[in-house]
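Report on the structure given below.
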Amino acid sequence: MAHSSVALESAVMSGPHATVGEDEYLQTLYWLLEAGLPMTGANVARAMQLAAPTVHEMIGRLQRDGYITRARDKTISFTPTGERQAAEIVSRHRLIERFLTDVLGIPWDEVHEEAERLEHAMSPVLEERMRAAIGGARTCPHGHPIFAGTRIPGVPLADVQPGAELVILRFENEAEDLLRYLREVGLEPGLAATLVDSGADEIVLDAAERRCVITRSVAETVSVTANPSPPPRVALPEQLVLATQRYGR
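Per numbering that gives the first Met the number 0, residue 0 is the first one in the sequence shown, and the count goes up by one each step.
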């Protein structure tokens with residue numbers, strides 16, 4: 000479901016007028032969908048670090064406003080309108096992150112929360128100019144696709160066996176404290192490395208001119224391609240929270 004910049008701009012100008020709060024929830028639901036996690040109120044509450052009653056109220060509002068539907072088992076699905084709105088806000092967020100990093104020179108471990116503050120106030124004209132400024136970039140600085148439908152499948156780094164050659168695809172948990180840790184240990188999307196040791200507590204990678212040591216729990220949140228590759232597996236949902244505090248604030 001890749002969008003051209005023209006199509007995205009048109010959708011932004013003509014689409015439904017979701018509130019900032021609704022956009023945050025739609026963004027979280029879209030993130031769950033991408034990660035292969037069940038779209039449920041419980042997972043939304045876990046991801047956003049919010050109380051279940053608060054989430055239940057907003058989920059009901061999203062359903063009344065036509066963005067989602069809920070099955071009898073409480074599983075959530077997007078309506079076409081809801082999926083379009085969610086894809087647009089996610090794309091805008093990742094575009095801003097890439098612009099802040101590539102054009103303004105802000106370190107990639109500092110842009111997630113800043114993009115949260117900017118994404119709701121950006122005009123279609125500014126969005127189009129940002130897209131021109133980032134050139135051919137296809138992902139945010141943390142490896143997530145800017146355009147819907149272009150996500151490359153990966154496996155958790157924690158599952159890769161010693162001796163495998165791998166490439167870092169993306170960081171599934173974008174909490175800034177975790178991104179800071181990943182940067183400090185030397186990991187970044189696109190990094191090619193060899194996994195040399197996989198212990199109970201730590202995983203050791205050899206990359207060009209550097210050795211990276213990462214805790215196994217954090218390795219659960221890092222998606223990679225590997226050769227040989229372990230079987231596909233969805234990363235643990237309790238470790239894929241979007242922030243250590245209330246999401247986006």
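Just so it is clear, CB atoms sit at the ideal spot from N, CA and C, and this is done for glycine as well.
What are the partner residues of residue i, as DSSP defines its beta bridges?
i    : result
C211 : L204
F170 : V221
L31  : Answer is none; L31 lacks a bridge partner.
D196 : V203
R69  : I75
For residue i, count neighbouring C-beta atoms within 10 Å of its own C-beta (all shown protein chains included) and say buried if the count is 16 or more, exposed if not.
i    : result
I250 : Residue 250 lies beyond the residue range present for the chain, which begins at 0 and ends at 248; the question has no answer from this structure.
N226 : exposed
H16  : exposed
A120 : exposed
A41  : exposed
E23  : buried
R83  : buried
P231 : exposed
L258 : Residue coverage of the chain in this structure runs from 0 to 248, which leaves residue 258 outside it and unanswerable.
L125 : exposed
A218 : buried
T74  : exposed
E118 : buried
A51  : exposed
Which same chain residues, not among the five before or five after residue i, have their C-beta less than 8 Å away from its C-beta?
i    : result
D108 : E175, L178, R179, L181, R182
V184 : C211, V212, I213
E171 : A34, T220, V221, S222, A234, L239
Y20  : The sequence as given places Gly at residue 20; Tyr does not occur at that position. Only M57 meet the Cβ criterion.
P161 : L194, V195, D196, S197
H141 : E96, W107, H111, R169, F170, E173, L178, P188
A114 : H92, R93, I95, E96, L99
T78  : G65, Y66, I67, T68
Just to confirm my understanding: we take residue i, look at its own chain, exclude 5 residues before and 5 after, and list those with CB closer than 6 Å. What are they?
i    : result
I133 : R97, F98, D101
A136 : R97
P144 : T138, R150
V110 : E96, L99, T100
E164 : T193, N226
A44  : A51, V54
Taking residue i and residue j to be in contact with their CB atoms under 8 Å, please state how far apart those CB atoms are, rounded to whole angstroms.
i    : j    : result
V166 : A207 : The Cβ separation is near 12 Å, so there is no contact.
Y66  : T80  : 6 Å
G148 : T224 : That belief does not hold up - the Cβ atoms of G148 and T224 are roughly 18 Å apart, past 8 Å.
L36  : A85  : Incorrect: roughly 15 Å between the Cβ atoms, too far for contact.
Report all residues from its chain with a CB closer than 7 Å to the CB of residue i; omit the five preceding and five following residues, and keep chain order.
i    : result
R209 : G185
S228 : V154
Inset, instruction - Examine the Cβ distances between the region 152-159 and the region 194-205 and report whether three or more of them are shorter than 8 Å. - result: yes
Legend entry - Given 8 Å, three or more beta-carbon pairs between the region 89-98 and the region 55-67: no
Legend entry - contact_flag[the region 78-92, the region 20-31] where n(CB pairs < 8 Å) is 3 or more: yes
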